[in-house]
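Q: Sharing a structure with you now.
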């Protein structure tokens with residue numbers, strides 16, 4: 006079984022969850038549209054965008070953990086361990102499938118919001134705002150927020166995989182080891198990221214939101230690069246543990 010087939014297998018395993026979530030999002034947006042005359046605009050934004058986006062990340066991280074948990078529970082992990090494929094490729098295929106579900110879910114939320122809710126308010130918004138300034142600023146904000154959020158989910162998925170596999174290295178107190186590995190990894194990243202970011206001080210800043218320099222924030226790119234590299238490191242380490250150390 007090659008990487009593509011393994012990725013397709015993992016993608017099929019998370020597809021039912023993605024479909025159910027997509028249907029729930031559409032129903033939620035229609036419910037918010039029904040309640041919009043009596044709800045505050047800020048509450049509408051929370052219910053229609055921020056809450057679904059938060060749930061998307063929670064579902065992605067939960068699915069990443071559940072993938073490994075169910076394979077160990079059903080002993081189907083024997084098949085993966087017997088495959089002539091590197092451990093990091095197995096872990097990457099699982100992570101890529103969940104991350105694909107996450108990205109598609111985020112895009113689905115945005116499309117559903119635009120078609121169901123934003124379209125009904127478009128005339129009101131366009132009359133109150135200068136669209137020549139608002140649209141570029143919102144696109145900048147949305148695109149940068151999207152990849153930052155995806156990077157955070159990638160990191161959490163990598164850490165969850167690592168923590169779960171650490172738990173499989175012991176015969177007893179697996180849950181305690183998983184929790185300790187997860188918290189230890191987070192602590193290490195919080196300690197190391199600022200130090201490594203200083204080495205990348207030469208990298209350009211990220212223009213984040215706003216129609217002009219006065220309205221925008223300039224974010225140092227170093228921490229994001231470090232977080233990405235650390236995520237790759239955890240994926241490789243998880244693959245090594247999976248391939249060399251884990252006994253099922």
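Numbering (our numbering), first residue to last: 6 to 253.
The beta carbon of each residue, even a glycine, is placed where N, CA and C say it ideally should be.
Given the structure is predicted, the values throughout are model-derived calculations rather than measurements.
Whole angstroms are fine: how far does the CA of residue 247 sit from the CA of residue 119?
A: When rounded, the distance between both Cα atoms is 42 Å.
Q: How big is the Cα-Cα spacing for residue 90 and residue 8?
A: Distance between the alpha carbons of residue 90 and residue 8 is about 8 Å.
Q: Which runs of the beta strand (DSSP E) at least 3 residues long sit entirely within the stretch 33 to 89? Give them in chain order.
A: Listed in chain order, there is nothing to give.
Q: Do residue 166 and residue 69 count as a contact pair if the criterion is CB distance below 8 Å?
A: In this structure, residue 166 lies closer than 8 Å to residue 69 by Cβ.
Q: Should residue 79 be labelled buried (16 or more other beta-carbon atoms within 10 Å of its own) or exposed?
A: It is exposed - the Cβ of residue 79 has fewer than 16 other Cβ atoms within 10 Å.
Q: Going by other Cβ atoms of all chains shown within 10 Å of its Cβ, with 16 needed for buried, is residue 208 buried or exposed?
A: Counting Cβ neighbours within 10 Å, residue 208 comes out exposed, since fewer than 16 surround it.
Q: Return helix, strand or coil for residue 19, following the three-state DSSP convention.
A: Three-state result, residue 19: helix.
Q: Closest to residue 64 by CA distance: which of 105, 245 and 186 is it?
A: Here the closest residue by C-alpha is 105.
Q: With distances taken between CB atoms, is the gap from residue 183 to residue 171 smaller than 8 Å?
A: Yes, they are a contact pair.
Q: Residue 23: buried (16+ other C-beta within 10 angstroms of its C-beta) or exposed?
A: Under this definition residue 23 is a buried residue.
Q: Tell me which same chain residues have a C-beta within less than 8 Å of the C-beta of residue 18, skipping the five on either side of it?
A: 72 and 102.
Q: Below 8 Å on the Cβ atoms is my contact criterion, and I expect residue 235 with residue 169 to pass it. Report the Cβ-Cβ distance as a whole number of Å.
A: In fact, because the Cβ distance is near 18 Å, the residues do not count as touching under 8 Å.
Q: For residue 74, which option in 13, 179, 226 and 241 has the closest C-alpha, if you only look at C-alpha atoms?
A: The shortest C-alpha separation from residue 74 is found at 179.
Q: Spatial neighbours of residue 242 within its chain, please: C-beta separation below 7 Å, excluding the five flanking residues on both sides.
A: Cβ neighbours of residue 242 beyond the five flanking positions: 167.
Q: On the criterion of 16 or more Cβ atoms from any shown chain inside 10 Å, does residue 253 qualify as buried, or is it exposed?
A: At residue 253, the pLDDT of 49 sits below 50, so the modelled position is not reliable; the number obtained from the coordinates is stated separately. Residue 253 comes out exposed.
Q: Between residue 11 and residue 240, how many whole angstroms is the CB-CB distance? I'm expecting something under 8 Å.
A: So it is not a contact: roughly 14 Å between Cβ atoms.
Q: Roughly how many angstroms separate the alpha carbons of residue 153 and residue 226, rounded to a whole number?
A: Their Cα atoms are separated by approximately 11 Å.
Q: Can you grab the Cα-Cα spacing for the pair residue 122 / residue 114, in whole Å?
A: Their backbone Cα atoms lie some 11 Å apart in a straight line.
Q: What are the partner residues of residue 225, as DSSP defines its beta bridges?
A: Partner(s): 210.
Q: Would DSSP call residue 175 helix, strand or coil?
A: Coil, per DSSP.
Q: Which whole-angstrom value is the C-beta distance of residue 110 and residue 26, which I expect to be below 8 Å?
A: About 6 Å separates the two Cβ atoms, so the contact holds.
Q: Can the beta-carbon of residue 185 be found less than 8 Å from the beta-carbon of residue 164?
A: The answer is no: Cβ separation not under 8 Å.
Q: Can you tell me whether residue 57 is buried or exposed? The criterion is at least 16 other CB atoms within 10 Å of its CB, across all chains shown.
A: Buried is the call here.
Q: So what does DSSP say about residue 104, is it helix, strand or coil?
A: Correct three-state label for residue 104: helix.
Q: Quick check on residue 189: does DSSP put it in helix, strand or coil?
A: Three-state result, residue 189: helix.
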